[in-house]
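Okay, so here's the structure we're looking at.
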Amino acid sequence: MTLAAFLLRQEIAETYLSVNWLESLPGADQTSRLASLRVEIAKTGYGIAKTAKYAVLHVGTARKTVHEQASDQRWIRVAQETVGFPRYHAGIHDTATEEMVIAQALVDSVGALAPA
Amino acid sequence: MAETNPRFATEDDDSFFMPMPSWRPRSVSQKPQSAAPHRARFVVDLSSGVLTMVEEPEALELEIEHAYPAMTSILKAYLPETHGAEYLTVDDIASWERASYEQRRFAASQVAAFSNTEALREKSGPDLLKHLSRYLRSIFRPAYGLALADRVEALSRMVLEEAGGELNLSGESLENLIAFLEANTKLSRPSLVAGPSGELIAIWKGAKQGEFTVRFMPDGTVRYLLTKTNRKHPKGVSRVSGDTTPDKLFDEARLSELRWMVNQ
Numbered sequence: 004m005t006l007a008a009f010l011l012r013q014e015i016a017e018t019y020l021s022v023n024w025l026e027s028l029p030g031a032d033q034t035s036r037l038a039s040l041r042v043e044i045a046k047t048g049y050g051i052a053k054t055a056k057y058a059v060l061h062v063g064t065a066r067k068t069v070h071e072q073a074s075d076q077r078w079i080r081v082a083q084e085t086v087g088f089p090r091y092h093a094g095i096h097d098t099a100t101e102e103m104v105i106a107q108a109l110v111d112s113v114g115a116l117a118p119a
Numbered sequence: 197m198a199e200t201n202p203r204f205a206t207e208d209d210d211s212f213f214m215p216m217p218s219w220r221p222r223s224v225s226q227k228p229q230s231a232a233p234h235r236a237r238f239v240v241d242l243s244s245g246v247l248t249m250v251e252e253p254e255a256l257e258l259e260i261e262h263a264y265p266a267m268t269s270i271l272k273a274y275l276p277e278t279h280g281a282e283y284l285t286v287d288d289i290a291s292w293e294r295a296s297y298e299q300r301r302f303a304a305s306q307v308a309a310f311s312n313t314e315a316l317r318e319k320s321g322p323d324l325l326k327h328l329s330r331y332l333r334s335i336f337r338p339a340y341g342l343a344l345a346d347r348v349e350a351l352s353r354m355v356l357e358e359a360g361g362e363l364n365l366s367g368e369s370l371e372n373l374i375a376f377l378e379a380n381t382k383l384s385r386p387s388l389v390a391g392p393s394g395e396l397i398a399i400w401k402g403a404k405q406g407e408f409t410v411r412f413m414p415d416g417t418v419r420y421l422l423t424k425t426n427r428k429h430p431k432g433v434s435r436v437s438g439d440t441t442p443d444k445l446f447d448e449a450r451l452s453e454l455r456w457m458v459n460q
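First to last, the protein sequences are chains A and B.
Using our numbering, the first residue of the first sequence is number 4, and each one after it goes up by one.
Using our numbering, the first residue of the second sequence is number 197, and each one after it goes up by one.
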């Protein structure tokens, strides 16, 4: 996995990284919640490459890693973003400044990869 | 068409051709079928720098587009060597192209690399990505051009598929990547991934020494991140990041100090 996965889209002036909040999905454990996510994504009709994977991050670990690696030691915000989006949609904020460093820190904090 | 005397370009000419008799139409990819030499006829548009090779007026026109801003001087430098020669084959042209390209590279290092891709961009229009891929396969100076072209095309297909056809790799991003790699031919081949806006991201990894990642933005700038081991603290890591332009990247990121990025 490379930092490309955690870069903002410039052409649409993205202000946060779109992520999926696993705890808001049905399931008793991470595996079953990922299965629920796949069902939900399939309903949207989004194109998913056959080789695509989900990166699973623990919010606390991601925030701590960014805090340690960012030159300003910032604490990034992870918040639900449901206006116009499903209930499981969330966003990682405050990544634009020093974006390459922050993106690499998020890569370093990835706990696991799961098939999409 | 029977012309016995080649006409050489002058400053006032807007075209140049050197027709040769006894041309046998064939595919460029095929080797000559007999010992008889196959001559090449080519036309250059001096205003645009486009070189076109044609077999015979009635035959299929094979177009080799190489946009060289200094095409005039290249031809004038080359022609006296062939004047009086019995034939000029396709292989001759290919070797001449590489020799003349290298001559220009030594005359003006980084500028020449960038001027090549700039000229190609002006020529290509919306087909820039396609033309740059061909450039990688034919003219690109480092030896890994074919592998790089394969990867670029694979990334393009992936981006198109994921975006439902609404986004492709940025030709401008690829142009800047190519120019950077040609200006710094000692660098080893990078891994390539696509960014969220279709930009190309080049990654060099040292086994334990570090990692250098460059994002070639479509607007002509680059954003980079260098991660390397901290010699004074074995468990520590040093990070250097910045924004600059491709022609300044090598010096600003001090890549000359990173032996693991260089071809051994």
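Glycine included, each C-beta is placed from N, C-alpha and C at the ideal position.
All values reported here derive from a predicted model rather than from experimental measurement.
Cross-strand partners of residue i (DSSP beta bridge)
| i | result |
| --- | --- |
| E407 (chain B) | B:K401 and B:T423 |
| S352 (chain B) | According to DSSP, which records beta bridges pairwise, S352 (chain B) is partnered with nothing at all. |
| F412 (chain B) | B:L396 and B:V418 |
| A52 (chain A) | Per DSSP, none; premise fails for A52 (chain A). |
| N23 (chain A) | A:H92 |
| P29 (chain A) | The partner list for P29 (chain A) (beta bridge, DSSP) is empty, contrary to what the question assumes. |
| P118 (chain A) | A:K56 |
| L383 (chain B) | B:V458 |
Residue i vs residue j beta-carbon contact at 8 Å
| i | j | result |
| --- | --- | --- |
| E425 (chain B) | E407 (chain B) | First, the amino acid is wrong: residue 425 (chain B) is Thr here, not Glu. Cβ distance not < 8 Å, so T425 (chain B) and E407 (chain B) don't count as in contact. |
| V113 (chain A) | L60 (chain A) | yes |
| V69 (chain A) | L109 (chain A) | yes |
| E349 (chain B) | S329 (chain B) | yes |
| L377 (chain B) | L396 (chain B) | no |
| A93 (chain A) | W24 (chain A) | yes |
| K56 (chain A) | A119 (chain A) | yes |
| E371 (chain B) | L324 (chain B) | yes |
| V355 (chain B) | L363 (chain B) | yes |
| R337 (chain B) | T381 (chain B) | yes |
| P89 (chain A) | E43 (chain A) | yes |
| F9 (chain A) | A106 (chain A) | yes |
| D447 (chain B) | R419 (chain B) | no |
| P434 (chain B) | E101 (chain A) | First, the amino acid is wrong: residue 434 (chain B) is Ser here, not Pro. It is not a contact, given that the beta carbons lie outside the stated cut-off. |
| A73 (chain A) | M4 (chain A) | no |
| L37 (chain A) | I95 (chain A) | no |
| L383 (chain B) | L351 (chain B) | no |
| E368 (chain B) | G432 (chain B) | no |
| G391 (chain B) | A7 (chain A) | yes |
| R385 (chain B) | Y340 (chain B) | yes |
Run of the alpha helix (DSSP H) containing residue i, from where it starts to where it stops
| i | result |
| --- | --- |
| N372 (chain B) | G367 to A379 |
| V42 (chain A) | Q33 to T47 |
| L324 (chain B) | L324 to S334 |
Residue-level contact to chain D via CB, residue i, 8 Å cutoff
| i | result |
| --- | --- |
| E84 (chain A) | Among the protein chains in the structure shown, which are A and B, there is no chain D. |
Where the beta strand (DSSP E) through residue i begins and ends
| i | result |
| --- | --- |
| A108 (chain A) | Taken as a continuous stretch (DSSP letters only), A108 (chain A) belongs to no beta strand (DSSP E), being part of the alpha helix (DSSP H) at E102 to D111. |
| T121 (chain A) | Because chain A here runs from 4 to 119, residue 121 (chain A) falls outside it and cannot be looked at. |
| R435 (chain B) | V433 to T440 |
| S387 (chain B) | S387 to A390 |
| Q83 (chain A) | V81 to Q83 |
- Are the stretch 28–48 of chain A and the stretch 443–454 of chain B touching, with three or more C-beta to C-beta distances below 8 Å? no
- Message: If contact is defined by three or more beta carbon pairs under 8 Å, each pair taking one atom from either stretch, is the stretch 448–459 of chain B in contact with the stretch 394–409 of chain B?
- Response: yes
- Query: Is the number of C-beta pairs between the stretch 11–18 of chain A and the stretch 386–395 of chain B that are closer than 8 Å three or more?
  - Reply: yes
- Residues from the stretch 85–116 of chain A in contact with chain B, defined by Cβ distance under 9 Å: E101, E102, M103, V104, A106 and Q107
- Message: Which residues of the stretch 374–390 of chain B have a Cβ closer than 7 Å to any Cβ of chain A? Give them in chain order.
- Response: When CB distances to chain A are screened at a threshold of 7 Å, the residues of the stretch 374–390 of chain B falling below it are V389 and A390, in chain order.
- According to a CB-to-CB cut-off of less than 8 Å, which residues of the stretch 352–365 of chain B neighbour chain A? M354, E357, E358, A359 and G360
- Query: At a Cβ cut of 8 Å, what residues of the stretch 425–446 of chain B count as close to chain A, listed as they run along the chain?
  - Reply: R435 and S437
- Residues from the stretch 11–39 of chain A in contact with chain B, defined by Cβ distance under 9 Å: L11, R12, Q13, E14, I15 and E17
- Item | Near-chain A residues of the stretch 388–410 of chain B (beta-carbon distance less than 7 Å), N- to C-terminal order | V389, A390, G391, P392, S393, I397, I399 and T409
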